[in-house]
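Okay, structure first, notes after.
Numbering (the working numbering), first residue to last: 118 to 539.
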């Protein structure tokens with residue numbers, strides 16, 4: 118019997134649903150913490166007299182921290198466990214995000230964004246891995262897309278808070294609110310380590326101690342030394358290359374679009390900053406149907422085909438944004454771009470852990486996160502350079518990247534629908 122079959126028998130559907138809710142709350146915190154910056158950046162530029170370069174670097178500090186957090190996440194998850202790693206990163210994320218609300222200037226703000234980014238960089242792959250190793254084969258793909266949907270919910274909630282309470286009580290409250298994230302720790306502490314991790318580390322004895330009656334014979338999980346080089350062995354090199362490119366491109370397009378979103382609307386639509394923040398809020402709303410659509414299609418079309426279609430859709434909408442004229446057309450195309458971009462995010466988060474064995478799945482997720490963070494570091498500077506020139510011209514580059522990546526998915530991708538994960 119395979120470990121995936123054991124999960125079906127010892128982890129109830131109710132337990133899996135509860136873990137989906139718990140990890141979704143973690144993702145909501147992570148999403149809100151990352152996506153709060155576009156809404157406070159105009160205030161910080163005005164209050165602290167920041168140059169465009171300083172403002173870009175403040176946004177990039179989050180992703181620089183996320184880069185280091187993602188780099189370490191694989192090692193922490195594979196050696197200390199999925200649960201311990203998730204707790205560690207959640208604490209780091211919440212504490213330093215709240216402290217940002219007390220910052221008085223650029224230097225300390227930069228440091229705090231870096232440290233909170235470190236937490237978020239590890240938190241997202243930690244929760245992703247934790248849920249995937251508790252979920253049955255038939256539900257895993259859909260549940261992981263639902264988990265990724267929490268990113269949209271988190272960004273929408275922080276956007277709504279920012280344009281209402283944040284505008285009324287001041288930008289610092291956009292960070293104080295994250296203290297509520299500590300409540301999630303209570304529920305997380307009551308849960309156990311994942312069955313797959315327990316079996317890999319301590320065998321069937323650990324499973325019996327935690328879950329009681331389990332089959333007497335379980336197929337061993339493939340044992341591979343946890344190293345970066347393991348990802349580039351001949352058996353996994355195509356998947357690794359595809360994952361690295363996919364995560365870089367979707368992250369670059371996403372943060373190029375959202376990092377300066379209010380300013381982009383001000384410059385291209387000639388509206389006030391307050392109205393631009395509301396426009397950004399509605400663009401955030403378009404993320405949700407993007408996620409929900411792939412939650413359905415991932416089980417109907419499969420991972421490979423759906424990911425390719427959404428990458429190409431992301432590229433075409435970027436191209437049409439380049440051609441758009443008029444405020445209504447511009448806003449509509451941005452909404453469509455947001456739909457496809459967040460659909461791709463949901464797909465890569467569901468697809469990536471299914472491409473690698475348990476023994477270095479955490480490392481693979483960590484490397485994928487690194488590519489996303491590198492793109493996140495670059496994207497704010499990229500958009501910052503074009504924001505006063507022609508942002509739509511800049512997005513013509515993202516169109517090319519996205520379409521090429523969609524074609525690469527068809528060439529290098531492996532279908533994992535309804536297949537056991539080692």
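Glycine included, every Cβ here is placed at the ideal spot set by N, Cα and C.
- Shown here, residue 453 sits in a helix according to DSSP, grouped into three states.
- The alpha carbon of residue 171 has as its nearest neighbour, out of 223, 271, 387 and 470, the alpha carbon of 223.
- DSSP places residue 167 outside both helix and strand once states are collapsed to three, so it counts as coil.
- Setting aside the 5 residues that flank it on each side, residue 137 is surrounded in the same chain by 248, 260, 263 and 264, each with a C-beta closer than 7 Å to its C-beta; the list follows chain order.
- In this model, residue 228 and residue 303 are separated by some 28 Å (Cα to Cα).
- Check the Cα spacing between residue 350 and each of 473, 405 and 450: the tightest is with 473.
- Where residue 252 is concerned, there is no enclosing alpha helix (DSSP H), because DSSP gives it neither an H nor an E.
- Contact check for residue 360 and residue 519: beta-carbon distance about 16 Å, past the 8 Å limit, so the pair fails to qualify.
- Counting only the Cα atoms, residue 147 lies some 27 Å from residue 129.
- The straight-line gap separating the alpha-carbon atoms of residue 250 and residue 482 is approximately 13 Å.
- Between residue 155 and residue 477 a beta carbon distance of about 35 Å is seen, past the 8 Å cut, so the two are scored as non-contacting.
- Nearest to residue 379 by C-alpha distance, out of 191, 133 and 157, is 157.
- Excluding residues up to 5 positions away in sequence, 133 lie with their Cβ nearer than 7 Å to the Cβ of residue 256 in the same chain.
- Taking the Cα of residue 216 as reference, the smallest distance to any Cα among 240, 294 and 203 is reached at 294.
- Between residue 237 and residue 150, the beta carbon gap of about 6 Å places them in contact (Cβ cut-off 8 Å).
- For residue 367 and residue 321, the gap between their C-alpha atoms comes out near 39 Å.
- Between the C-alpha atoms of residue 415 and residue 531 there is a straight-line separation of about 13 Å.
- When the five nearest sequence neighbours on each side are left out, the beta carbons in the same chain lying within less than 6 Å of the beta carbon of residue 497 are those of 173, 176, 177 and 376, in order along the chain.
- With respect to residue 425, residue 523 sits close: the two C-beta atoms are nearer than 7 Å.
- Distances from the CA of residue 141 to each of 490, 484, 454 and 463 were compared; the closest alpha carbon is that of 463.
- DSSP places residue 247 within a helical segment (H, G or I) once states are collapsed to three.
- Sequence-distant partners of residue 352 (beyond 5 residues in either direction) whose C-beta falls short of 8 Å from its own C-beta are missing from its chain.
- Boundaries for residue 221: no alpha helix (DSSP H) harbours it, and the DSSP string shows neither H nor E there.
- For the options 490, 357, 200 and 510, the alpha carbon positioned closest to that of residue 440 is the one of 510.
- Considering only 162, 187, 159 and 152, the residue with the shortest C-alpha distance to residue 214 is 152.
- Residue 292 and residue 423 have their alpha carbons spaced roughly 36 Å apart.
- Each residue's CA atom was taken as its position, placing residue 489 and residue 444 some 31 Å apart.
- Across the structure, residue 165 and residue 434 are spaced so that their CA atoms are roughly 36 Å apart.
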